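Written below as structure tokens is the structure these notes are about.
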Amino acid sequence: MNIYTLGKDHISVAIAYIFFMLITHGFNAHMRIHMGEKPYQFCHCDKSFAYTSHLKAHMQRHMWERPYTCSQCHQSFNLKSHVETHMRIQTEDKPYQCSLCNKDFSQKSYSKFQVRTHTGENHIHAANVKRLSYVF
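Numbering follows the UniProt record's numbering, with no gaps: position 100 of the sequence shown is 100.
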């Protein structure tokens with residue numbers, strides 16, 4: 001959107017929106033996302049965050065009780081579903097299958113991703129590349 005081709009009313013709306021972002025949502029804090037800056041670091045691990053709210057949410061994850069434990073490696077989890085998923089990886093149980101090539105997967109999301117590789121809809125976020133890379 002080019003502000004020079006907009007009418008006077010549209011420019012006023014655009015300026016009002018920018019002012020709103022500066023005042024209420026912390027434009028500088030928002031720009032940290034685009035700049036890759038993460039000044040808020042958690043003292044118990046190497047994770048750092050652009051927003052204090054994200055740091056607080058991460059801190060809560062560290063404080064949660066983890067009552068579910070893997071019987072093979074003794075890693076603990078806060079949700080039963082997480083230990084079940086982990087156990088499928090440990091035991092090499094692969095109940096999910098790609099409907100196009102019949103390749104088996106331990107997690108449903110991996111089988112869905114495999115289908116997308118066949119259909120050309122391979123939309124994957126950078127955060128998932130590391131997680132999925134060992135599957136293929």
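Glycine included, each C-beta is placed from N, C-alpha and C at the ideal position.
Keep in mind that this is a model prediction, so the values were computed, not measured.
Exercise for the section: Buried or exposed for V83, please, with buried defined as at least 16 other CB atoms from any protein chain shown within 10 angstroms of its CB. Expected result: Reading the sequence shown from its first residue, position 83 is the one you call residue 83. V83 comes out buried.
Handout entry: Endpoints, alpha helix (DSSP H) assigned at N28
Key = Against the sequence shown, residue 28 aligns to sequence position 28. Under the DSSP assignment, N28 falls in the alpha helix (DSSP H) whose first and last residues are F27 to M35.
Problem - C-alpha gap between C43 and N28, whole angstroms - result: Taking the first residue of the sequence shown as 1, we reach residue 43 at position 43. Taking the first residue of the sequence shown as 1, we reach residue 28 at position 28. Straight-line Cα distance between these residues: approximately 24 Å.
Handout entry: 8 Å contact criterion, which C98 and S111 should meet: CB distance rounded
Key = Taking the first residue of the sequence shown as 1, we reach residue 98 at position 98. Taking the first residue of the sequence shown as 1, we reach residue 111 at position 111. Yes, they are in contact, since the Cβ atoms of C98 and S111 sit about 5 Å apart, within 8 Å.
Exercise for the section: Would you tell me roughly how many angstroms separate the C-alpha atoms of R116 and M87, rounded to the nearest one? Expected result: Position 116 of the sequence shown, counting from 1, holds the residue named residue 116. Position 87 of the sequence shown, counting from 1, holds the residue named residue 87. Distance between the alpha carbons of R116 and M87 is about 25 Å.
Exercise for the section: For my contact list, residue 138 and A50 are in at a C-beta cut-off of 8 Å; report their separation, rounded to the angstrom. Expected result: Here the chain covers residues 1 to 136 and nothing more, so residue 138 does not appear.
Practice task
Could you tell me the boundaries of the alpha helix (DSSP H) in which A50 lies?
Solution key: Here residue 50 corresponds to residue number 50 of the sequence shown, with the count starting at 1. For A50, there is no enclosing alpha helix (DSSP H), as DSSP marks it with neither H nor E.
Practice task
Between the Cα of A59 and those of C45, S71 and Y68, spot the shortest distance and give me the residue it belongs to.
Solution key: The residue labelled residue 59 in the question sits at position 59 within the sequence shown. According to the sequence as given, residue 59 is Met; it is not Ala. In this structure, C45 is the residue among C45, S71 and Y68 with its C-alpha nearest to the C-alpha of M59.
Problem - Under the three-state DSSP convention, the category S106 falls into - result: On the sequence shown, position 106 is the one that residue 106 refers to. Correct three-state label for S106: coil.
Practice task
Could you work out which residue in C101, S106, Q90 and Q107 is closest to H118 when comparing CA atoms only?
Solution key: Residue 118 sits at position 118 when you count from the first residue of the sequence shown. The shortest C-alpha to C-alpha distance from H118 to any of C101, S106, Q90 and Q107 is the one to C101.
Exercise for the section: Can you say whether F113 is buried or exposed, counting buried as having 16 or more other CB atoms within 10 angstroms of its CB? Expected result: If you number the sequence shown from 1, residue 113 lands on position 113. Counting of Cβ neighbours within 10 angstroms places F113 among the buried residues, the total reaching 16 or more.
Handout entry: Classification of H71 by the beta-carbon crowding that lies within 10 angstroms, buried from 16 upward
Key = For this step, residue 71 is matched to residue 71 along the sequence shown. At residue 71 the sequence reads Ser, which differs from the His that was named. Residue burial annotation: S71 is exposed, with fewer than 16 other C-beta atoms found within 10 angstroms of its C-beta.
Problem - Residues near A127 by beta carbon distance below 7 Å, same chain, minus five either side - result: Here residue 127 refers to the residue found at position 127 when the sequence shown is read from its first residue. Reliability fails at A127, whose pLDDT of 49 lies under 50, so the model's placement of it is uncertain and the value that follows must be treated cautiously. Counting only Cβ-Cβ distances below 7 Å, and skipping sequence neighbours, we find nothing.
Handout entry: Strand pairing of Y68, partner residues [DSSP]
Key = As a position in the sequence shown, residue 68 is number 68, starting the count at 1. Answer is F77.
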